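Start counting the sequence shown at 0; every next residue gets the next number (numbering that gives the first Met the number 0).
We put the beta carbon where it would ideally sit given N, CA and C, even for glycine.
Model, not experiment: these values are computed from the prediction.
Read the structure below first, then the notes.
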Amino acid sequence: METETDFLRLLQAHQTDLWRFIRSGVRTQSEAEDILAETVACAYEGFTKLRDKQAFLSYVFTIASRTIKKRAWKRRLFIEVSADFNCDEYCNDGVPPDIQADIQFLREALSRLPDKTREAVILFEIVGLSLNEIQTIQGGSLSGVKSRLVRGRKHLARIMGVENPTHAEERLDGNRYEFTADVLPTIAEAGL
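Encoded structure:
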């Protein structure tokens with residue numbers, strides 16, 4: 000019973016960030032809900048094997064990341080029923096139409112990034128994880144994470160039509176980059 004309580008306490012502390020990460024990495028609300036359920040189930044199954052409870056954040060985001068990648072791989076094996084159907088049009092959760100359009104545009108732009116780059120941008124800009132936490136989730140070096148963020152931001156700026164992005168020279172402030180709001184304007188407003 001104590002294990003279940005610990006798991007729920009740790010999960011609850013990160014559930015909003017986990018949801019944002021998963022929702023940003025998939026196309027539809029229902030797919031995100033499925034991945035969230037699968038992530039939570041998998042995390043709970045292996046929770047007793049987790050030696051350091053401080054590593055829970057990395058543990059659960061790594062599971063979510065792998066689940067998203069596995070789903071994307073499986074999705075490529077099947078033909079979609081209708082490419083025109085967009086569940087987000089029917090599940091807007093009270094978000095104004097102009098912000099919905101911005102969010103959809105941002106999701107489409109994010110989907111054009113390479114997988115690891117997209118994941119790094121989502122974890123940093125939307126979820127708000129530190130560079131070290133992203134490194135733990137993605138593996139590799141800290142400079143690799145920084146490079147993916149810089150490349151991802153520049154690519155997003157080009158896709159989104161930002162003429163002269165002011166983030167060309169990134170500044171490192173502790174574990175956070177300073178990044179202008181003109182490239183990802185709707186993230187904070189809409190809770191993507």
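So, is residue i buried or exposed, given that buried needs 16 or more other C-beta atoms within 10 angstroms?
| i | result |
| --- | --- |
| E124 | buried |
| D101 | buried |
| G160 | exposed |
| G45 | exposed |
| Q53 | exposed |
| R157 | exposed |
| R74 | exposed |
| A167 | Low local confidence applies: a pLDDT of 39 at A167 is under 50, so the model's placement there is unreliable, with the coordinate-based value given in what follows. The residue is exposed, with fewer than 16 neighbouring Cβ atoms inside 10 Å. |
| R50 | exposed |
| L128 | buried |
| L17 | buried |
| S142 | exposed |
Find the nearest neighbour of residue i within the set the options, judged by alpha-carbon distance.
| i | options | result |
| --- | --- | --- |
| T116 | G138, E32, Y58, Q53 | G138 |
| L35 | V149, R70, I158, G143 | R70 |
| H154 | L122, L49, S146, L112 | L112 |
| R26 | L148, L128, A156, E107 | E107 |
| R19 | L148, E32, L9, K48 | E32 |
| R195 | I136, Y43, E30, S29 | Since the displayed the chain opens at 0 and closes at 191, residue 195 lies outside it and no answer follows. |
| A40 | V59, S146, Q103 | V59 |
| L105 | K48, T4, S23, K68 | S23 |
| Q28 | R150, P96, H13, Q103 | Q103 |
Flag this pair as yes or no: are the beta carbons of residue i and residue j separated by less than 8 Å?
| i | j | result |
| --- | --- | --- |
| E118 | L56 | no |
| T15 | E37 | no |
| A63 | I21 | yes |
| V120 | L130 | no |
| V144 | Q134 | yes |
| I136 | L122 | yes |
| T2 | T61 | no |
| D114 | K68 | yes |
In the DSSP assignment, find the alpha helix (DSSP H) that holds residue i and state where it starts and stops.
| i | result |
| --- | --- |
| R63 | Note on residue identity: the sequence assigns Ala, not Arg, to residue 63. First-last of the alpha helix (DSSP H) with A63: 55-75. |
| L141 | 141-158 |
| I125 | It is not in any alpha helix (DSSP H) - I125 carries neither H nor E in the DSSP assignment. |
| F46 | Where F46 is concerned, there is no enclosing alpha helix (DSSP H), given that its DSSP letter is neither H nor E. |
| D16 | 1-24 |
| P96 | 96-110 |
| K52 | Counting along the chain, K52 falls outside any alpha helix (DSSP H), and DSSP gives it neither H nor E. |
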